[in-house]
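Structure first, then comments.
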Amino acid sequence: MSVLSLLAKCRVVITFNQGLRGGRVMELKKIVDEAVKHCPTVQRVLVAHRTDNKVHMGDLDVPLEQEMAKEDPVCVPESMGSEDVLFMLYTSGSTGMPKGIVHTQAGYLLYAALTHKLVFDHRPGDIFGCVADIGWITGHSYVVYGPLCNGATSVLFESTPVYPNAGRYWETVERLKINQFYGAPTAVRLLLKYGDAWVKKYDRSSLRTLGSVGEPINCEAWEWLHRVVGDSRCTLVDTWWQTETGGICIAPRPSEEGAEILPGMAMRPFFGIVPVLMDEKGSVVEGSNVSGALCISQAWPGMARTIYGDHQRFVDAYFKAYPGYYFTGDGAHGTEGGYYQITGRMDDVINISGHRLGTAEIEDAIADHPAVPESAVIGYPHDIKGEGECPREELLPDC
Ligand code: WTA
Numbered sequence: 001m002s003v004l005s006l007l008a009k010c011r012v013v014i015t016f017n018q019g020l021r022g023g024r025v026m027e028l029k030k031i032v033d034e035a036v037k038h039c040p041t042v043q044r045v046l047v048a049h050r051t052d053n054k055v056h057m058g059d060l061d062v063p064l065e066q067e068m069a070k071e072d073p074v075c076v077p078e079s080m081g082s083e084d085v086l087f088m089l090y091t092s093g094s095t096g097m098p099k100g101i102v103h104t105q106a107g108y109l110l111y112a113a114l115t116h117k118l119v120f121d122h123r124p125g126d127i128f129g130c131v132a133d134i135g136w137i138t139g140h141s142y143v144v145y146g147p148l149c150n151g152a153t154s155v156l157f158e159s160t161p162v163y164p165n166a167g168r169y170w171e172t173v174e175r176l177k178i179n180q181f182y183g184a185p186t187a188v189r190l191l192l193k194y195g196d197a198w199v200k201k202y203d204r205s206s207l208r209t210l211g212s213v214g215e216p217i218n219c220e221a222w223e224w225l226h227r228v229v230g231d232s233r234c235t236l237v238d239t240w241w242q243t244e245t246g247g248i249c250i251a252p253r254p255s256e257e258g259a260e261i262l263p264g265m266a267m268r269p270f271f272g273i274v275p276v277l278m279d280e281k282g283s284v285v286e287g288s289n290v291s292g293a294l295c296i297s298q299a300w301p302g303m304a305r306t307i308y309g310d311h312q313r314f315v316d317a318y319f320k321a322y323p324g325y326y327f328t329g330d331g332a333h334g335t336e337g338g339y340y341q342i343t344g345r346m347d348d349v350i351n352i353s354g355h356r357l358g359t360a361e362i363e364d365a366i367a368d369h370p371a372v373p374e375s376a377v378i379g380y381p382h383d384i385k386g387e388g389e390c391p392r393e394e395l396l397p398d399c
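So in the UniProt record's numbering, spot 267 of the sequence shown is number 267, and the numbers just go up one at a time.
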């Protein structure tokens, strides 16, 4: 965290005193204190109180609630330029430090709002439940920006899908009458092992659309989500996209009349997205039933604009492998009728519980230890997490 705050030249950090997750207390403020020691640009740390426990407050620290109480509750909106920075989010690539992906005001917001409305068939009055962490791009686009742009009610989910028990998601659906439920396959794979009773215990009749994101969804998980959670009557959208794309790029479109939805594969480009598949020589693969490197051949509103502080790295990482095209890093299979099936990363990025980890970053961290002259990190198949990084780790997903 300290390295990233340093790169981002952050001036203010907002944190909880302590975090709560799956029944455990996390000492967030202590972690921030440690990081801030290495970040000379940070001038203030705003501390919100998630628990009643007191934490050490230093010279830079300001209790957020007290500060907010002094301010007017109404804040006049500021006009922004369409290409002004909206936010940056660090994500892993195959080489070097994590990349500070920059999204801008107008294009990103338009794209997040439109995909939220059309991919999930969100209608006025619906309650949208995306259970992703806000710190992830999924939380940015589909807990915060997309739903709020559309005036939707958006649910904030904290904790894990199995705390206090494996009914947590479905109890939330019943209690809040959620209409669209969006989550990661890793959680579905975990929950299906707990059996159907935890789902059936709760009323899910409010649900209309189920969404999956972050990693390929295997047929067993797809079927369970569709048949058990959705009672075989909800539309299930498997959505492919990336931090860099800002919003969903390839997904089924339930609002399209007669749309066909097939497990793990019925994914079509969203409006304005023109995918192409490339062979090893850098030529576009034509025809159906073909595989290749997934590229996008024209710009779209939600695409990232740069890597903060290193535009050349942005160009090199995404536009060099296939000149004139945006390279996603993923491989895909194209079928008849213009459907795409994502086959997974083609580079040294591993996907653990939907989280992107660059093998180079893990190797660097291991190599910092004086006893390690060299290391190589690879993923291995894991039946709940998709890929695993350490055989001894407990089987709880981090989604
Ligand atoms: C993978 C998450 C298969 C893919 C929104 C991509 C998927 C990376 C899917 C981006 C999906 C995401 N099917 N694979 N539906 N969705 N991925 O930046 O490898 O955290 O490149 O964005 O996740 O991960 P990121």
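C-beta atoms are modelled at their ideal positions from N, C-alpha and C, and glycine is treated no differently.
Tell me whether residue i counts as near the ligand WTA, meaning its Cβ is closer than 8 Å to at least one heavy atom of that ligand.
| i | result |
| --- | --- |
| Glu-215 | yes |
| Asn-218 | no |
| Gln-66 | no |
| Glu-361 | no |
| Ser-212 | yes |
| Val-349 | yes |
| Thr-239 | yes |
| Trp-136 | yes |
| Arg-305 | no |
| residue 466 | The chain is shown from 1 up to 399; residue 466 falls before or after that span and cannot be answered. |
Assuming residue i and residue j are in contact, meaning their beta carbons sit under 8 Å apart, how far apart are those beta carbons, in whole angstroms?
| i | j | result |
| --- | --- | --- |
| Arg-208 | Gln-180 | 7 Å |
| Leu-277 | Ala-332 | 6 Å |
| Thr-328 | Gln-242 | 6 Å |
| Ala-251 | Val-229 | Contact doesn't hold; Cβ gap of about 18 Å is too wide. |
| Glu-215 | Ala-166 | Contact flag wrong, Cβ pair sits at about 20 Å. |
| Met-346 | Ala-293 | 6 Å |
| Val-213 | Tyr-182 | 7 Å |
| Tyr-202 | Glu-174 | 4 Å |
| Gln-18 | Val-55 | 7 Å |
I'd like the span of the beta strand (DSSP E) that includes residue i, first residue to last.
| i | result |
| --- | --- |
| Gly-292 | 290 to 296 |
| His-49 | Taken as a continuous stretch (DSSP letters only), His-49 belongs to no beta strand (DSSP E), as it is neither H nor E. |
| Leu-277 | 275 to 278 |
| Val-119 | Here Val-119 belongs to no beta strand (DSSP E); instead the alpha helix (DSSP H) covers 105 to 119. |
| Val-12 | 12 to 16 |
| Leu-148 | Segment 146 to 149 is the alpha helix (DSSP H) holding Leu-148; no beta strand (DSSP E) there. |
| Arg-24 | 24 to 26 |
| Tyr-182 | 180 to 183 |
| Val-173 | Unbroken run through Val-173 is the alpha helix (DSSP H), 168 to 176; no beta strand (DSSP E). |
| Ala-332 | 326 to 334 |
| Val-85 | 85 to 91 |
| Glu-286 | Per DSSP, Glu-286 belongs to no beta strand (DSSP E) and is neither H nor E. |
Between which two residues does the alpha helix (DSSP H) harbouring residue i extend?
| i | result |
| --- | --- |
| Gln-66 | 64 to 69 |
| Cys-39 | No alpha helix (DSSP H) contains Cys-39, which DSSP labels as neither H nor E. |
| Phe-270 | Taken as a continuous stretch (DSSP letters only), Phe-270 belongs to no alpha helix (DSSP H), as it is neither H nor E. |
| Phe-314 | 311 to 319 |
| Cys-130 | Segment 127 to 130 is the beta strand (DSSP E) holding Cys-130; no alpha helix (DSSP H) there. |
| Glu-361 | 359 to 367 |
| Glu-220 | 219 to 224 |
| Val-199 | 197 to 200 |
Please confirm whether residue i has its beta-carbon closer than 9 Å to some beta-carbon of chain D.
| i | result |
| --- | --- |
| Asp-59 | Chain labels in this structure do not include chain D; a single protein chain is all it has. |
Quick test of the definition: if touching needs 3 or more C-beta pairs under 8 Å, does the stretch 352 to 365 touch the stretch 82 to 102? yes
How do the stretch 267 to 283 and the stretch 53 to 66 stand: do at least 3 beta-carbon pairs fall below 8 Å, yes or no? no
With three or more beta-carbon pairs closer than 8 Å as the criterion, would you say the stretch 179 to 196 touches the stretch 149 to 168? yes
Cβ pair count under 8 Å reaching 3, the stretch 130 to 139 against the stretch 67 to 81: no
For the 8 Å Cβ check, are there 3 or more pairs between the stretch 330 to 344 and the stretch 276 to 294? yes
Within the chosen definition, does the stretch 218 to 235 reach the stretch 136 to 145 through at least 3 CB pairs nearer than 8 Å? no
For the stretch 361 to 376 and the stretch 110 to 119, state whether three or more C-beta atom pairs, one from each stretch, are separated by less than 8 Å. no
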